[in-house]
Amino acid sequence: MRSLAEVIKDAEKKKIAIGHFNVSNLEQLNAIVGVVRKLNVSVIVGVSEGEREFIGVDQVVALIESFRNEGLEIYLNADHTHSTEKVREAVEAGFDAVLFDGGKLPLDENIKQTQEAIHVAKSIASDVLVEGELGYIGGGSEILEKLPEDAAISAESFTKPEDAQKFVKETSIDLLAPAVGNVHGMFKNAPNPRLDIPRIRAIKQSVNIPLVLHGGSGISDEDFISAIDAGISIIHISTELRAAWRSGVEHELEENKNEVAPYKVMADVVGEMEKVIEKKLRLFNRTQI
Ligand code: G3H
Ligand code: ZN
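Using our numbering, you'd call the opening residue of the sequence shown number 38 and step up by one each time.
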């Protein structure tokens, strides 16, 4: 099986993006695996601190391992990790990648804490990929009423190419998550803000490492294609999957008022989530399979 670093390199060469989906239960994971089996593409499963606490750190590693054993290219990322203790825990458990999230910190403090995270991670597993975040794009994968407070939502507050260059040079991170118009979460009845494509291109030129686009829910297909073309190699989706889970559960419970077997209620919910995942993976991989 290829390493995650090899898969990302290949994606850069082919100008495609790897889909990254967050999960907090087995149904979400089964939906991802179902689509990966069908399309035969690589995928990253992400678990934030809260998500992996809910599933279990060792348990999520074992689950991913069980799917790899059938030859699927599924990788595991410790998403939005805020302390070196949590970095240590994830890398020791066998995660392929970890995002140390200092996005809310001033640049120099972000550099300092990210350096510490890199040191901890690489001294446990030299091949684990470490991602750094520069620019704050809001905290939660949720349905938004308004844009998140303090988030970078205008060109002046987006990640600057020169800051990105300094950040990458001084930390030696493997992957960079910038703020380029993307925000965590999505509006119910309105599109998310547009991405700043020239900014993505400029950041990519100044750092020359793979770029990760967070906050993928609510972004238009057109912006995704332009962003991939400008240098994005990984795209994170969470809220859209959570929303499909919730509406699926509500619908199934309403339709099957006397059903008490979870696997019967949840089968069609998995199907609804598969639709979301398949659409994104076809787009990101630019495939008509
Ligand atoms: O790390 C998680 C992602 O950035 C998901 O963002 O909920 O807007 O899709 P999203
Ligand atoms: Zn994120």
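For every residue, glycine included, the Cβ atom is placed at its ideal position computed from N, Cα and C. Just so you know, these numbers come straight off a predicted model, no measurement behind them.
Three-state class that DSSP yields for residue i in the structure shown
i	result
HIS57	strand
SER178	coil
ASN147	helix
PHE224	strand
TYR300	helix
GLU168	strand
ILE256	coil
SER263	helix
THR208	helix
HIS117	strand
PRO247	coil
PRO185	coil
ILE81	strand
VAL135	strand
ILE190	coil
SER270	strand
LEU290	helix
LEU41	helix
ALA162	coil
PRO215	strand
Residue i to residue j span [Cα, whole Å]
i	j	result
LYS50	GLY175	31 Å
GLU64	ASN293	18 Å
VAL128	ASN295	44 Å
GLU291	LYS301	13 Å
ALA154	ALA298	43 Å
PHE321	LYS203	29 Å
VAL73	LYS241	28 Å
MET223	ILE274	11 Å
LEU181	LYS225	7 Å
ASN276	MET310	Looking at the sequence provided, one finds Thr at residue 276 rather than Asn. For THR276 and MET310, the distance between alpha carbons rounds to 11 Å.
LYS206	VAL313	37 Å
GLY108	MET38	7 Å
ALA188	HIS117	16 Å
ALA68	GLN96	18 Å
ALA115	ASP133	8 Å
ALA48	SER40	13 Å
Check whether residue i and residue j have beta carbons under 8 Å apart
i	j	result
LEU66	LEU100	yes
LEU248	GLY268	yes
ILE55	VAL84	no
LEU212	PHE58	no
ASN147	LEU184	no
ILE92	SER61	yes
VAL157	VAL124	yes
GLY255	PRO228	yes
GLU126	VAL94	yes
VAL220	GLY177	no
LYS149	TYR173	no
ILE45	SER270	yes
8 Å contact criterion, which residue i and residue j should meet: CB distance rounded
i	j	result
GLU315	LEU113	Their Cβ separation, rounded to whole angstroms, is 21 Å, which puts GLU315 and LEU113 out of contact at 8 Å.
THR151	GLY169	5 Å
ALA201	SER243	6 Å
VAL78	LEU318	6 Å
Can at least three beta-carbon pairs, one atom from the stretch 222-233 and one from the stretch 247-261, be found at a separation below 8 Å?
-> The stretch 222-233 vs the stretch 247-261: in contact.
If we count Cβ pairs, one from each stretch, closer than 8 Å, do we get three or more for the stretch 271-290 versus the stretch 305-322?
-> A contact exists between the stretch 271-290 and the stretch 305-322.
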